[in-house]
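Input: a single structure, listed below in structure tokens.
Protein chains: 4
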Amino acid sequence: MVLSPDCSKALAGFSAHRNVRVANDGLLAMRINILREFSMTGRHFLHVPGPTNIPDRVLRAMHVPSEDHRNPTFPNLTLPLFKQLKRLVRTETGQAFIFPSSGTGAWEAVMTNTLSSGDKVLASRFGQFSHLWIDLAKRHGLDVIVQEEEWGTGASPEHIQAELEKDTAHQIKAVMVVQNETATGVTSDVAAVRKAIDAAKHPALLFVDGVSSIGSIDFRMDDWKVDAIITGSQKGLMLPAGLGIAVVSQKALEAQKAARANNPLRRVYFDFEDQSKANETGYFPYTPALPLLYGLREALQIILDEEGLDNVIARHHYLAQGVREAVKAWGLTLCAKDQKWYSDTVSAILVPEGFNGADVISRAFKRYNLALGAGLSQVAGKLFRIGHLGDLNELMCLGAITGAEMAMRDIGIDVKPGSGAAAAEEYYRTNGK
Amino acid sequence: MVLSPDCSKALAGFSAHRNVRVANDGLLAMRINILREFSMTGRHFLHVPGPTNIPDRVLRAMHVPSEDHRNPTFPNLTLPLFKQLKRLVRTETGQAFIFPSSGTGAWEAVMTNTLSSGDKVLASRFGQFSHLWIDLAKRHGLDVIVQEEEWGTGASPEHIQAELEKDTAHQIKAVMVVQNETATGVTSDVAAVRKAIDAAKHPALLFVDGVSSIGSIDFRMDDWKVDAIITGSQKGLMLPAGLGIAVVSQKALEAQKAARANNPLRRVYFDFEDQSKANETGYFPYTPALPLLYGLREALQIILDEEGLDNVIARHHYLAQGVREAVKAWGLTLCAKDQKWYSDTVSAILVPEGFNGADVISRAFKRYNLALGAGLSQVAGKLFRIGHLGDLNELMCLGAITGAEMAMRDIGIDVKPGSGAAAAEEYYRTNGK
Amino acid sequence: MVLSPDCSKALAGFSAHRNVRVANDGLLAMRINILREFSMTGRHFLHVPGPTNIPDRVLRAMHVPSEDHRNPTFPNLTLPLFKQLKRLVRTETGQAFIFPSSGTGAWEAVMTNTLSSGDKVLASRFGQFSHLWIDLAKRHGLDVIVQEEEWGTGASPEHIQAELEKDTAHQIKAVMVVQNETATGVTSDVAAVRKAIDAAKHPALLFVDGVSSIGSIDFRMDDWKVDAIITGSQKGLMLPAGLGIAVVSQKALEAQKAARANNPLRRVYFDFEDQSKANETGYFPYTPALPLLYGLREALQIILDEEGLDNVIARHHYLAQGVREAVKAWGLTLCAKDQKWYSDTVSAILVPEGFNGADVISRAFKRYNLALGAGLSQVAGKLFRIGHLGDLNELMCLGAITGAEMAMRDIGIDVKPGSGAAAAEEYYRTNGK
Amino acid sequence: MVLSPDCSKALAGFSAHRNVRVANDGLLAMRINILREFSMTGRHFLHVPGPTNIPDRVLRAMHVPSEDHRNPTFPNLTLPLFKQLKRLVRTETGQAFIFPSSGTGAWEAVMTNTLSSGDKVLASRFGQFSHLWIDLAKRHGLDVIVQEEEWGTGASPEHIQAELEKDTAHQIKAVMVVQNETATGVTSDVAAVRKAIDAAKHPALLFVDGVSSIGSIDFRMDDWKVDAIITGSQKGLMLPAGLGIAVVSQKALEAQKAARANNPLRRVYFDFEDQSKANETGYFPYTPALPLLYGLREALQIILDEEGLDNVIARHHYLAQGVREAVKAWGLTLCAKDQKWYSDTVSAILVPEGFNGADVISRAFKRYNLALGAGLSQVAGKLFRIGHLGDLNELMCLGAITGAEMAMRDIGIDVKPGSGAAAAEEYYRTNGK
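Residue numbers (my numbering), protein chains in the order written: chain A, 390 to 822; chain B, 390 to 822; chain C, 390 to 822; chain D, 390 to 822.
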């Protein structure tokens with residue numbers, strides 16, 4: 390149809406889109422200012438590697454009136470949560486803790502409860518999040534033996550075994566492994582790390598950061614004899630941030646008792662014993678983040694009882710593979726050095742020389758309502774990241790792929806239009822049911 | 390990473406995705422059954438030409454506790470709504486009515502209030518919705534002169550003028566035009582129809598069905614001297630269905646008074662006078678659909694005061710054009726016969742001989758969580774429709790395009806993978822801001 | 390503690406409460422203006438006899454994204470609804486219809502589908518809502534024999550039987566009874582009306598308005614051989630307004646077929662046949678009010694499958710009785726003339742000579758955030774009404790009682806403070822579990 | 390009306406209310422079991438002293454899709470929050486911190502950032518929450534001088550002054566005061582404590598626990614030269630738990646720098662410097678509890694910009710006074726020993742000898758859907774508490790009062806029915822606007 394002059398004007402280059410009227414009141418003015426600068430219509434495409442998209446059902450489940458967290462019906466909600474969390478990490482013997490915190494809080498909880506000041510721990514560093522965990526350990530007074538691995542690779546079972554074998558006095562109390570390094574899109578092989586520890590016949594605890602893997606990438610606490618696995622609510626669990634979750638083994642709980650008696654790291658908020666005592670009957674030592682607990686119940690039902698954990702993990706692999714096919718079709722490469730490191734929750738994509746990944750991200754956000762992840766620290770500017778975890782499907786991933794194509798072309802990166810989409814489409818078509 | 394045997398099995402062909410556990414309780418069982426048959430993870434891509442996607446803000450605005458619709462603060466909500474609806478259809482002199490009904494109810498309201506039993510009306514038929522409106526008029530005892538136009542075209546100003554010129558006795562009381570025929574993706578030129586009526590010097594009222602155009606395609610009630618425009622809440626207004634909206638001219642209100650005295654069509658629920666009397670002070674003759682009124686306030690603020698009506702219309706044109714570029718790249722054609730009929734809210738895409746549009750739709754829905762519109766009546770099976778109206782952006786349209794590409798290829802239609810996406814991407818990239 | 394001078398000033402007579410700052414932006418200004426004039430903190434106490442309080446669960450259930458109402462999973466939602474509605478009115482043989490309308494629309498649907506122009510119907514009038522139904526029938530061209538009963542009483546089986554016995558030609562096609570007259574707080578005995586019709590050996594259809602009784606007061610469609618029962622969503626069903634519900638007998642459906650052939654009343658929107666045809670497979674002839682259908686599913690689950698219908702009805706009686714004890718303790722009387730007319734969903738309370746019920750209502754709303762129902766028509770000013778239906782409990786009723794006590798005292802009605810509360814408390818304490 | 394036999398049976402003593410059908414599926418079964426044991430219809434009356442009732446607007450504001458907390462529009466949300474929090478505690482010079490934690494976390498943050506291991510602090514103990522804070526300080530290795538005050542009184546400025554005057558070496562680094570002791574319903578006079586410190590010419594920092602006072606009871610950070618005030622989201626701020634808030638003075642920030650250099654208490658999660666650095670530009674060092682930030686914006690707008698902080702404080706006093714009038718009318722006494730200790734956010738009501746406060750609470754919860762607060766530690770069983778803070782009004786308080794009357798009478802406490810309600814009503818009627 391023929392557009393009226395006013396509408397044609399509005400369409401001219403579509404830049405007039407943002408030329409909205411000036412408002413003099415607070416919130417409206419803010420909305421209009423944002424609308425002027427950013428694309429704000431339609432659904433936001435959230436493709437950072439967390440926080441992830443929250444299913445509508447989970448949002449609804451959290452829209453609850455307040456209640457007394459000491460009321461007699463409360464354990465009906467909470468006691469099953471602890472059980473479900475154990476199913477999520479595949480443990481029968483571990484104990485789950487839920488803190489009103491982020492994943493960082495769960496890290497701090499595990500470190501401060503199970504170790505003593507000056508204890509030696511062994512940790513691999515190969516990205517921003519493994520770095521931050523090491524930093525946290527150091528700042529709490531632990532003596533961290535850092536194994537530097539090339540960014541784009543992960544924890545090396547060989548290096549770990551070698552270091553442990555050197556430690557004949559068994560001074561190393563714990564091995565820290567990030568299962569999925571969100572910064573580089575690298576998944577470490579935790580089962581192999583366990584084998585390395587066993588091969589070294591070393592009694593060290595095995596601590597795993599599963600923030601961006603739990604509920605998305607296979608994890609088997611009991612099979613792999615993991616002593617502490619931590620995660621946050623805002624990744625594979627498809628919730629807002631606000632819950633720090635730790636599941637710890639009986640061996641770790643023994644260590645906790647020992648640590649308590651001997652030059653302990655101080656903590657109250659994150660204290661396991663306070664929690665344990667209250668959790669036993671379904672309560673908490675202080676007010677929990679209530680709506681998130683309702684959301685957690687809904688999310689765990691979806692993952693464990695409706696879609697099924699194996700199916701969820703398979704879906705993550707399938708969706709990730711489609712994204713990787715797109716990257717290949719673009720002629721670009723991943724930060725992950727080898728297929729064995731490829732992460733099923735996030736792909737870190739290197740931009741060609743002469744371009745800045747931050748420009749892709751900025752363009753995608755402002756112009757196409759698409760949130761991509763940035764390169765951090767060592768890899769700042771060198772890459773952009775597509776998160777593909779949580780409540781996702783094929784078309785959402787294709788939205789991210791087509792958006793990235795447009796944003797890359799807009800800043801001059803020479804990828805063929807539609808090439809990534811075509812590759813992903815063909816993968817999805819021929820690999821799904 | 391290497392998948393475990395269980396997860397690999399789940400991934401095998403991804404068909405195991407649906408092989409979820411059997412549940413023996415009601416709602417959970419239903420969810421799992423649906424999950425088994427349909428893709429249910431991630432966001433649903435809703436691309437029928439209504440109901441349309443509801444912005445989160447609008448959903449929130451409707452999440453309100455109950456209240457007495459006769460309380461003294463109620464007019465603070467309602468009185469501005471009538472004014473905003475007039476801005477939406479660009480009238481200063483018309484009067485807006487809001488019924489708890491669908492758009493069909495608004496049709497019935499306009500017909501039964503303004504016409505008398507046996508009155509002659511002139512209507513063009515060129516699709517399922519123009520057909521249904523004619524059917525409604527006939528069933529109410531009106532004498533409808535039907536002008537058949539080829540499906541894929543719209544109302545013909547020439548034919549209308551000719552018919553009116555024949556009617557020297559001015560027995561034709563109203564001309565009925567569907568501005569946007571949702572079934573074929575055709576937009577009629579209402580301004581030209583007005584000119585045709587004027588050229589024929591005929592006093593007939595001009596009634597327009599704007600169900601799938603208002604708030605998306607340009608409409609100018611006063612400029613075009615339209616006597617009744619009707620719409621529903623679930624299209625350009627980005628709300629759930631449940632509000633039937635009619636804005637009528639003073640001339641139509643005069644006709645209503647005359648009709649009342651003379652062999653009237655019966656109605657109480659849809660009576661304009663009952664509404665008028667109560668609306669004057671901000672109330673309704675019976676309980677209104679309260680949450681939708683709060684939603685309407687939010688939606689109208691977005692359209693009129695934040696994005697701006699001209700911008701909204703321009704955006705619809707821009708997004709539609711991207712979809713049309715994709716269709717061209719696929720080597721397919723639209724049901725609309727000519728560019729001048731192209732609808733900016735829905736594209737009806739003809740499938741090649743030997744294929745059934747319904748198969749594309751079924752595949753898209755079950756496999757890719759994408760809802761496309763079906764061919765109806767004369768064009769059943771011959772096409773599928775992509776709705777592109779309401780709260781949309783580029784990546785949502787690209788989701789529909791890539792999903793349609795996959796679904797078409799899955800049933801054997803030979804379109805080049807990524808071709809539609811590439812064409813739309815390049816259009817969006819180079820025509821936006 | 391000692392208040393600061395500023396806070397003391399704010400407290401002075403608490404009138405400064407409303408003296409909030411002037412805002413110059415739209416919505417905020419409106420909120421502040423309302424806050425200045427009305428009490429707005431805390432929960433609103435909604436005690437009109439509909440719309441009623443919506444349970445949080447039901448609000449959540451309606452907070453759903455949009456979807457295509459023609460998609461293949463849709464009947465999973467809708468087909469069980471028709472069955473549940475039949476359970477709600479205790480029929481095995483009737484057929485349920487759900488319209489996007491108010492209860493008035495359901496009235497119109499029943500009248501226009503089953504009767505022909507000029508048909509005789511018999512109706513009792515004893516309040517505003519029985520009056521409005523008669524008015525609707527007349528405006529549709531029916532010949533209504535009106536039996537005037539004293540306001541404060543209900544339908545008289547004796548009078549009905551007498552009138553029917555006079556009608557030896559069986560010209561009366563239907564008897565219309567309002568089960569619960571919301572304006573006067575009177576419940577008619579529908580079972581007795583059935584007996585009267587049977588005693589008169591008259592074949593007339595029996596139509597019942599159950600707007601403010603269904604889901605709250607016992608109703609037995611099959612036992613009482615009712616031919617049409619209508620209700621709306623915003624009363625006992627604890628939903629927002631927007632659904633008009635009619636359940637009709639096979640006899641009424643036969644009448645509908647006959648009426649269609651013979652001088653029919655016109656309707657399309659409310660046509661039973663269009664609905665029937667589409668409903669059969671779980672769809673609707675036009676877009677339904679989707680979120681309300683999700684809400685209806687939740688509400689019916691609560692009523693039928695969790696609390697249980699008998700329990701719900703018993704609870705309404707119990708809560709109503711507490712309110713009536715309070716009225717007695719105040720020394721006031723109900724509009725209902727006799728215990729047998731007492732409604733379990735609303736009490737209409739006569740104010741003493743010299744006072745205006747509207748002043749009680751206005752005071753309660755503005756000062757105590759309590760919505761009471763007004764006297765209408767004949768009883769305007771003579772009473773105020775406490776609605777006690779839907780999602781209620783003892784303390785909500787006590788909120789209404791204490792609020793009414795304060796409002797009455799504020800305008801000078803001499804009730805003893807706490808007297809109504811004491812009487813209701815003692816009733817609840819000693820009659821509950 | 391006459392009830393049917395089934396409904397009469399259901400009504401019999403109303404005990405059958407709970408005799409609902411057996412369900413064999415998970416969530417439904419749980420709901421029915423709860424329904425069988427507890428009153429579940431209607432609105433829950435939440436009258437513990439936190440978590441408090443969340444306004445519907447605030448719940449809506451938190452119902453938001455996920456987003457990247459590092460996106461460029463994010464500071465539009467966060468930067469104003471820090472400013473508004475400063476207005477809330479009436480400081481121009483302090484700095485606000487927001488942690489994803491409970492109030493306990495904010496306690497820990499203040500202690501661990503500003504003090505060094507072995508530092509001396511002075512604290513008054515007169516209830517469970519002052520006790521817990523002291524416990525937290527001790528467990529972090531601080532040397533706490535505990536001043537025991539009688540439960541029912543608060544911090545003694547005289548005792549504090551005396552202790553500080555003894556400390557001529559100025560070894561005491563901080564004075565810790567709980568402004569409102571939630572366990573006993575006692576408000577301490579923080580201004581007087583400040584005067585005592587000044588009178589002693591002591592440089593100690595002044596730390597205040599405002600968990601159950603901020604946003605409800607007057608607090609003036611700058612006027613009273615408070616060095617750290619902490620609160621949680623789930624009390625006067627009318628939000629769910631999940632945010633720990635601390636506002637600290639420049640003097641405290643200086644102390645923080647000093648402490649860092651000298652035998653520091655370890656923390657990372659709660660580190661002020663990490664926060665400061667990120668907060669400056671509107672971001673956080675780790676993922677914040679996003680929905681709560683949107684809720685906080687809405688709550689602060691209500692408190693500061695709509696109702697107004699002085700009005701909010703005055704309303705709390707007014708509502709509290711009504712509850713106290715009820716207690717007096719019952720012939721009971723408060724745990725608070727004297728009017729000067731009365732808390733405007735919670736009343737702890739002593740039950741007569743021979744009764745157990747826990748029985749009142751249990752009865753109120755199970756039978757009347759009313760949550761009251763329990764006696765803790767020293768006063769366990771001796772009292773029950775009515776919380777009256779947050780989003781409350783007169784009728785909500787009257788709901789708590791009438792519910793408490795019934796529950797007390799049910800367990801045999803001889804209070805006159807309606808007596809408390811009458812007293813509160815008369816207070817509200819004559820002291821409001």
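Quick reminder that beta carbons are idealized off the backbone N, C-alpha and C, glycines included.
In the structure shown, what three-state DSSP assignment does residue i receive?
i: P653/A; result: strand
i: N408/B; result: Caution is warranted here: a pLDDT of 37 is assigned to N408/B, below 50, making its placement in the model unreliable, and the coordinate value is therefore given only provisionally. The answer is coil: DSSP assigns N408/B none of H, G, I, E or B.
i: D748/B; result: helix
i: E814/B; result: helix
i: S736/A; result: strand
i: F673/C; result: coil
i: R609/C; result: coil
i: I692/B; result: helix
i: F773/B; result: strand
Going by beta-carbon coordinates alone, are residue i and residue j separated by less than 7 Å?
i: A810/C; j: G807/D; result: yes
i: D607/A; j: I702/A; result: yes
i: L594/D; j: L632/D; result: no
i: P440/C; j: Q568/C; result: no
For the region 560–571 of chain B and the region 511–523 of chain B, state whether three or more C-beta atom pairs, one from each stretch, are separated by less than 8 Å.
In short, these stretches touch, since the Cβ pair count reaches three.
The region 789–800 of chain A: which residues have C-beta closer than 7 Å to a C-beta of chain B, in chain order?
T791, G792, E794, M795, R798, D799
Which runs of the alpha helix (DSSP H) fall wholly inside the region 505–547 of chain C and span at least 4 residues, in chain order?
517–528
Give the list of continuous alpha helix (DSSP H) stretches no shorter than 4 residues that lie fully inside the region 417–489 of chain C.
445–451, 463–477
Sufficient close CB pairs (3 or more, under 8 Å) joining the region 463–478 of chain C to the region 669–680 of chain C:
yes
With 8 Å as the limit, tell me which residues of the region 457–469 of chain B have their beta carbon closer than that to any beta carbon of chain C; keep them in chain order.
D457, H458, R459, N460, P461, T462, N465
Inspect the CB distances between the region 615–633 of chain C and the region 791–801 of chain C and report whether three or more fall short of 8 Å.
no
Curious, which full-length alpha helix (DSSP H) runs of at least 4 residues does the region 555–603 of chain C contain?
579–588
Within the chosen definition, does the region 752–768 of chain B reach the region 590–602 of chain B through at least 3 CB pairs nearer than 8 Å?
no
Evaluate the contact criterion for the region 495–506 of chain C versus the region 681–699 of chain B: three or more CB pairs, one atom per stretch, below 8 Å.
no
Could you name the residues of the region 610–630 of chain D whose beta carbon sits closer than 8 Å to any beta carbon of chain A, in the order they occur along the chain?
G621, Q623, P629, A630
Between the region 694–713 of chain D and the region 543–550 of chain D, do at least 3 Cβ pairs fall closer than 8 Å?
no
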